[in-house]
Structure formats: C-alpha cells, structure tokens
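*Asks:* Starting off with a structure, shown below.
Numbering (the UniProt record's numbering), first residue to last: 1 to 296.
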C-alpha cells in the first residue's frame with residue numbers, strides 16, 4: 001500500500017477558515033490562508049486536499065507509471081503541529097488519487113468559495129476520509145530524525161527507519177480503535193484529569209480510578225452497563241466476552257481543560273463504541289440527549 005504524509009497547518013475542522021484559522025503551518029500561514037482549510041469539506045461525496053509542496057509530488061514513489069498524471073489507491077496521512085509542540089496525525093484519506101501537479105476544482109462548496117479555493121492536489125471519497133477529533137490526536141510523528149519527515153511538507157516514508165511508524169499508523173487506521181486510551185481500571189471517586197503531557201507522545205492523561213468507579217456505580221444501580229444513548233448492552237449482544245464492557249465518555253471535553261480539572265462521576269457517561277464516536281464526530285461535541293434525539 002502506497003502511503004504519503006502531508007504536513008499542513010493545525011485546524012480543528014478543516015472545513016473553512018471562519019473561526020478556525022490554520023496555525024503553525026509554516027511561513028505561508030503567517031500572512032495568508034493556506035489551501036488546506038477545506039481538506040475535509042464534503043463536496044458531493046468527495047474531499048479535495050492540498051499540501052504546500054516545494055515542487056511536484058513524485059507520484060512514481062507512490063506507484064504511478066511513466067506519463068501518469070496521478071497515483072491511485074494511496075493512503076494519505078495528514079499531519080499538523082499542535083500548540084504544545086511536535087507533529088501529530090490529524091486524519092487521513094484512504095484510496096486517494098494523488099496528482100503530481102495542482103488540479104482545478106470543477107465543483108466547489110460554499111466553504112471553497114468563501115475561502116477562494118479553486119485547486120487541489122489530492123482527491124478521495126468523503127467516506128474514505130477521517131478527521132481525528134482534536135482530543136484524540138495522539139500519534140506523534142518524529143521530525144528532523146533519520147528516516148523521519150524532515151523539513152519538507154511531503155514525506156514518502158520509504159526509509160527503513162520509517163517502517164515501524166508506518167506499521168503502527170496502518171494498524172491504527174485499520175483497527176479504527178480511536179478510544180483505545182480510555183482505561184478500564186479502578187480506584188477513587190474523584191480524580192484530577194486533563195493534565196496533558198507532550199513529551200514523547202500526546203496521549204491524554206486520564207485518571208483510571210474514576211473510570212472503574214463509574215462502571216461499578218452504574219452496574220450496581222441498573223444491573224448492566226447499557227449505553228446511555230441507544231441502550232446497547234454488550235453482554236446481551238456478545239455474551240460472556242461482552243460482560244462488564246462499555247466505554248466511558250467525558251461530558252466535559254478534556255481538551256477544553258486548562259491544566260487540571262476535577263472529574264466527578266456525574267461528569268461521565270456510559271456509552272457504546274458507535275455512540276462514543278458519534279458524540280466526538282460533531283464539533284462542538286454533541287450532548288448525550290442531543291445524540292439520543294437524533295436516533296429516536
């Protein structure tokens with residue numbers, strides 16, 4: 001599978017610059033709006049991405065033949081730099097077409113018009129695009145190291161030193177396990193959370209104690225761990241392997257916390273995996289009752 005890393009400015013939604021100006025995308029973003037601002041805008045079932053490159057994209061490294069204008073079936077990994085430093089994966093396109101030179105947009109969305117965007121370098125189906133919620137962007141991509149991204153915004157990740165990172169990211173994409181860092185252990189009733197550590201990685205610090213305490217309280221009260229949105233019960237559907245399983249959703253997003261916050265049991269909700277993703281997919285994050293109303 002051909003893979004291409006593209007580094008762009010940091011945004012929450014990549015759906016227009018209004019209220020979401022790209023940051024830390026290089027000198028160009030210091031005085032202008034980068035073309036990446038609509039990289040995840042749905043245009044009739046398509047997404048059109050852009051990365052500022054110093055030259056043509058070498059599509060031969062992505063499997064294109066001589067005379068081809070684009071490489072097909074490429075996995076494009078979008079990266080950006082959070083305020084706390086480093087470079088992290090913010091999303092991806094699967095099965096993308098990557099052009100060696102900018103292409104003119106035939107169809108444009110209102111967001112493209114408002115931001116005066118009319119060309120792109122990468123195209124994919126909207127269903128094959130995924131933008132990671134801000135508070136789940138936790139895969140660090142090393143720069144300025146042997147085999148790493150370096151200073152270029154475009155990286156083909158073909159050095160032997162890159163194999164481990166590429167494998168981890170491919171596994172992450174295929175597993176779709178965006179909530180693997182939500183722990184499942186015990187301890188006290190009140191914990192301090194949200195204290196971010198941006199040293200070697202960006203996985204948020206969650207207090208494991210209160211997660212188990214929440215599950216225990218709900219189980220004692222209702223005799224089951226049932227999704228508060230859709231009433232899904234893992235044990236009822238999966239039998240013994242689903243026993244005592246659920247995900248815990250923070251009603252107050254940890255990425256909004258300035259330093260430490262105190263989390264109480266009432267700040268947490270029991271949800272199933274699908275509803276958990278849907279709660280985080282919307283910005284601002286949906287409330288439990290809002291998502292429940294959408295599916296009722």
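Yeah, the Cβ is synthetic: ideal placement off N, Cα and C, and Gly gets one too.
What would DSSP say about residue 172, mapped onto helix, strand or coil?
*Replies:* helix
*Asks:* What's the gap between the Cα of residue 196 and the Cα of residue 135?
*Replies:* With a pLDDT of 36 at residue 196, under the threshold of 50, the modelled position of that residue is not reliable, and no figure is offered here.
*Asks:* Which of helix, strand or coil does DSSP assign to residue 5?
*Replies:* Three-state DSSP puts residue 5 in a strand.
*Asks:* Which residues in the same chain as residue 111 place their Cβ atom closer than 7 angstroms to its Cβ, once the five residues preceding and following it in sequence are excluded?
*Replies:* 15, 16, 38 and 41
*Asks:* According to DSSP, is residue 228 helix, strand or coil?
*Replies:* coil
*Asks:* So the candidates are 88, 152, 104 and 93; which of them puts its Cα closest to the Cα of residue 47?
*Replies:* Among 88, 152, 104 and 93, the Cα nearest to that of residue 47 is on 93.
*Asks:* Using beta-carbon positions only, say whether residue 98 and residue 127 come within less than 9 angstroms of one another.
*Replies:* no
*Asks:* Can you tell which of 219, 18, 289 and 44 has its C-alpha closest to the C-alpha of residue 116?
*Replies:* For the options 219, 18, 289 and 44, the alpha carbon positioned closest to that of residue 116 is the one of 18.
*Asks:* Reducing DSSP to helix, strand and coil, say where residue 245 ends up.
*Replies:* Of the three classes helix, strand and coil, the one that applies to residue 245 here is coil, per DSSP.
*Asks:* Note down, in chain order, each residue of its chain lying with its Cβ closer than 7 angstroms to the Cβ of residue 32, except the 5 sequence neighbours on either side.
*Replies:* With a pLDDT of 45 at residue 32, under the threshold of 50, the modelled position of that residue is not reliable, and no figure is offered here.
*Asks:* Between the stretch 219-239 and the stretch 271-284, can you find at least three pairs of beta-carbon atoms closer than 8 angstroms?
*Replies:* yes
*Asks:* Since residue 70 sits in a beta bridge, which residues does DSSP pair it with?
*Replies:* 99
*Asks:* Using the rule of at least 16 other Cβ atoms within 10 Å of the residue's Cβ for burial, across every protein chain shown, is residue 298 buried or exposed?
*Replies:* A question about residue 298 goes unanswered here, because the residues of the chain that appear run from 1 up to 296.
*Asks:* For residue 60, is the classification buried or exposed, using 16 other Cβ atoms within 10 angstroms of its Cβ as the cut-off for buried?
*Replies:* Under this definition residue 60 is an exposed residue.
*Asks:* Would you mind reading off the limits of the beta strand (DSSP E) that contains residue 123?
*Replies:* 119-125
*Asks:* Looking at the secondary structure, which residues open and close the beta strand (DSSP E) in which residue 309 lies?
*Replies:* The chain is shown only over 1 to 296; residue 309 falls outside these bounds and no answer can be derived.
*Asks:* Count the other CB atoms within 10 Å of the CB of residue 50; is the residue buried (16 or more) or exposed (fewer)?
*Replies:* A buried status is given to residue 50, since no fewer than 16 other beta-carbon atoms sit within 10 Å of its beta-carbon.
*Asks:* Tell me which same chain residues have a C-beta within less than 7 angstroms of the C-beta of residue 283, skipping the five on either side of it?
*Replies:* Cβ within range, chain order: 12 and 13.
*Asks:* Using a threshold of 9 angstroms, state whether the C-beta atoms of residue 63 and residue 76 are closer than that.
*Replies:* No; because the gap between Cβ atoms is not below 9 angstroms, this pair is not in contact.
*Asks:* Using the C-alpha atoms, what's the distance from residue 9 back to residue 114?
*Replies:* 18 angstroms
*Asks:* Counting along the chain, where does the alpha helix (DSSP H) carrying residue 17 start and finish?
*Replies:* No alpha helix (DSSP H) holds residue 17; DSSP gives it neither H nor E.
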